[in-house]
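Number of protein chains: 2
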Amino acid sequence: MTGPEFEAALRHKIDSKTKPLGALGHIEDLAAAIARVQGSLAPRMRACQLTIFAGDHGLAREGVSAYPQEVTRQMLLNFLGGNAAANVFARSVGAALRVVDAGVAGPPVTHPDLLSRRLGDGTASSLAGPAMSAEACERALALGRELGADGAWDAVAFGEMGIANTSAAALVAHKLGPLPLEPLVGRGTGLDDPGLARKRAVLARAAARTPPRLFPEAALAEYAGFEMAMMAGAMLGAAAAGRIVLVDGFIAGAVALAALGLDPGVRPALVFAHRSAEPGHAEVLEALGARPLLDLGMRLGEGTGALLAWPLLRAAAAMLNEMASFESAGVSGPA
Amino acid sequence: MTGPEFEAALRHKIDSKTKPLGALGHIEDLAAAIARVQGSLAPRMRACQLTIFAGDHGLAREGVSAYPQEVTRQMLLNFLGGNAAANVFARSVGAALRVVDAGVAGPPVTHPDLLSRRLGDGTASSLAGPAMSAEACERALALGRELGADGAWDAVAFGEMGIANTSAAALVAHKLGPLPLEPLVGRGTGLDDPGLARKRAVLARAAARTPPRLFPEAALAEYAGFEMAMMAGAMLGAAAAGRIVLVDGFIAGAVALAALGLDPGVRPALVFAHRSAEPGHAEVLEALGARPLLDLGMRLGEGTGALLAWPLLRAAAAMLNEMASFESAGVSGPA
């Protein structure tokens, strides 16, 4: 079927289900998005994997986070131990989970379940110069593309761990939008007022180093973490492989801005899972023109918001595949 | 543990999880609500059942719905056939489902999976007099209490099917709040403008029959459907049995107003699953002081919104039960 024929058949299939027109709201939109991404009126939505990318940020040394840098590494071990929030939610909703070391500071963690894609011993501080070289950024994107496309998943979710990465995300979104910096800067893991003032000052100085607007690769190289650049590549790889990409919160949203800058064709694959309580996310969502599925006041990252949207994806596909039509069920239409 | 001790222990358990304070937002509130209802810091949240109550409304003969009355019966058969939206969503999220005939018009449907609790051949038209007798209302509440308490479910969801029941719900909420009638009246399954005008006129006349404010039993007897009165009883029975009650949309919300009027002690058990697109639901939620978990533009009923919140309940309990603490995972707290 060609585009308009497919759209007409899709509309007909949804509207002939035993429910008032449009009565399943955003679930109907979600079902349509899934059908379009798979090019099928009977899309499959059975298997989802969360990949958590972990990396450290030179910016963490500038006092922009409430938590010390070693928490990135400790949380990496917590993910591998199976009992961080992301693990618990993944088990709860029936999603697989894997963890990628994209460049956590310190000696490499060795663990049978850890995928090592280290691009360095954490990034450099973007206060002084680029967080990573152009070559490292290219490599992160390429490795991410591979990771986004491997396996046999109907949907993929991407999470991140990296102390100071709300700072990195604010700077990336600032340069990509471009968006005003101030509303993108929030308390992250829980800065107090003086901490927030310091974060604002540091980020303003870091932002002043470069022109007001940057191309996606440049914004990532100047300000992102390895985990963010790799996630951008993974979004590109997953979308190219015909998968739904569940976009998590503020950091994943900034990464989505970069991925869309690199390839606007990614857009139909992106499902915005939730609205984070980190205030900059509202700015990013507006720039993306995105209306997320959930709004639960969460701001944890790790892909936790993305995971909670997986049952909605499954339900939307099930609606399209399993639900009776007025005709098949012998139900009368409107009088 | 006594109340304050329990609260302190609960707060400590949630706050010692490996996440910034409050970073799981409403999921933390939900976990706390589950713990309180079960009186346990390690609550169980494994099994959920949706009960769909079906009943017909005399008011349907006054032209207040876009669909003919026989659709109630046809949808009952659709539920029994296993492929209505509620069935599809229940399978998708892993909830059980049962269907209760509370008083569908016409000869009784016989089906091995149908629970018959018929209170009549549909209600009388509340335009002319009470929809049901006080005795029938008492009986509906009693049968509902039994149904709410049976089985071994950690959470229960209640759905409804009954052509004209947005009209009945508007009248019940109007008399219980009391709330202004006008904003409670919407398009239901899809009335056009003349249909909506007619619905408004009919409901205003029906409302004028009785005093501006009614006690819960009277509001139910005057205006509810059998399926609604039975659902009110089921909310009472389930809450008394220590279960979480997932409250669906507009009709279930009006029923929750009645249940709370009958026993305010039900409140802690109620989890408001979603915000319906039927505009009266906003009024009811405000009267309830409730902030629902989901806002997906849905307005189907059947318990479909309640079902989509079940994975969130499960995730919240899993967070409390399975997630590592800073201490157990060796993760540093704020610097």
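Going down the list, the sequences are from chains B and X.
246 is the number that this note's numbering gives to position 246 of the first sequence; each next residue is one higher, with no gaps.
Numbers given in this note's numbering equal positions in the second sequence, counted from 1, plus 335.
Ideal Cβ positions, reconstructed from N, Cα and C, are used throughout, including at glycine.
- Residues of the same chain with a CB within less than 7 Å of the CB of Leu478 of chain X, apart from the 5 flanking positions on each side, are Arg452, Met565 and Gly568 in chain order.
- In the DSSP assignment, Glu70 of chain B falls within the unbroken alpha helix (DSSP H) covering Glu70 to Gly81.
- Here Thr18 of chain B is not bridged, per DSSP, to any residue.
- Rounded to whole angstroms, the separation of the alpha carbons of Glu473 of chain X and Gly3 of chain B is 57 Å.
- Rounded to the nearest whole angstrom, the CA to CA distance from Ala157 of chain B to Leu76 of chain B is 17 Å.
- Taking all protein chains shown into account, Pro311 of chain B has 16 or more neighbouring C-beta atoms within 10 Å of its C-beta and is therefore buried.
- With a 10 Å radius around the Cβ and a threshold of 16 neighbouring Cβ atoms, Ser133 of chain B comes out exposed.
- Residue-level contact by beta carbon holds for Phe424 of chain X and chain B, with a gap shorter than 7 Å.
- Looking at the backbone, the Cα of Leu300 of chain B and that of Lys534 of chain X are separated by about 46 Å.
- Only those residues of the stretch 291-311 of chain B whose C-beta falls short of 9 Å from the nearest C-beta of chain X are listed: Leu293, Leu294, Asp295, Leu296, Gly297, Met298, Arg299, Leu300, Gly301, Glu302, Thr304, Leu307, Leu308, Trp310 and Pro311.
- Chain B has no Cβ within less than 7 Å of the Cβ of Gln373 of chain X.
- Where Asp101 of chain B is concerned, the enclosing beta strand (DSSP E) starts and stops at Ala96 to Gly103.
- Secondary structure at Leu538 of chain X: helix, using DSSP grouped into helix, strand and coil.
- Those residues of the stretch 51-77 of chain B placed with their C-beta closer than 7 Å to a C-beta in chain X are Ala66, Tyr67, Pro68, Glu70, Val71, Gln74 and Met75, ordered along the chain.
- Out of X:Ala431, X:Pro378 and X:Glu342, the CA that lies nearest to the CA of Asn656 of chain X is found in X:Pro378.
- By the Cβ rule, the stretch 521-540 of chain X does not count as touching the stretch 428-446 of chain X, because fewer than three pairs are nearer than 8 Å.
- Among the CB atoms of chain B, none fall inside 7 Å of the CB of Met380 of chain X.
- Closest in C-alpha terms to Ala221 of chain B, from the list B:Leu41, B:Leu24, B:Ser40 and B:Gly58, comes B:Gly58.
- Beta-bridge partners of Met496 of chain X (DSSP): X:Ala389.
- Annotation note: the stretch 243-330 of chain B contains the following uninterrupted beta strand (DSSP E) runs of length 3 or greater, listed N- to C-terminal: 244-247 and 270-272.
- Counting every other CB atom within 10 Å of its CB across the protein chains shown gives Ala543 of chain X a total below 16, marking it as exposed.
- A contact between stretches requires three or more CB pairs, one per stretch, nearer than 8 Å, and the stretch 160-167 of chain B meets this requirement with the stretch 241-257 of chain B.
- Look at Leu394 of chain X here: in three-state DSSP terms it is helix.
- Approximately 7 Å separates the beta-carbon atoms of Val428 of chain X and Ala315 of chain B; this is inside 8 Å, confirming the contact.
- When beta bridges are read from the DSSP output, Cys383 of chain X appears opposite X:Ala490.
- Its Cα nearest to that of Leu313 of chain B, the residue B:Asp29 stands out among B:Ala8, B:Phe6, B:Ser16 and B:Asp29.
- At a cut-off of 7 Å between beta-carbon atoms, Thr18 of chain B makes contact with chain X.
- Residues of chain X with a Cβ closer than 7 Å to the Cβ of Ile27 of chain B are, in chain order, Leu631 and Met633.
- Take Val266 of chain B, set aside five residues on each side of it, and the residues of its chain with a beta-carbon closer than 7 Å to its own are Met235, Leu236, Ala239, Ala259 and Leu260, in chain order.
- Proximity to Ala536 of chain X across X:Glu552, X:Leu519 and X:Phe550 peaks at X:Leu519, based on C-alpha coordinates.
- With a 10 Å radius around the Cβ and a threshold of 16 neighbouring Cβ atoms, His12 of chain B comes out exposed.
- For Ala539 of chain X, no Cβ of chain B is located within less than 7 Å of the residue's own Cβ.
- If you look at Ser116 of chain B, you'll find it in the beta strand (DSSP E) that goes Leu114 to Ser116.
- Taking C-alpha positions only, Ala60 of chain B is separated from Pro68 of chain B by approximately 8 Å.
- Thr110 of chain B counts as exposed, since fewer than 16 other beta carbons sit within 10 angstroms of its beta carbon.
- By the criterion of a C-beta distance shorter than 6 Å, Ala382 of chain X is surrounded in its chain by Trp488 and Asp489, once the five residues flanking it on both sides are discounted.
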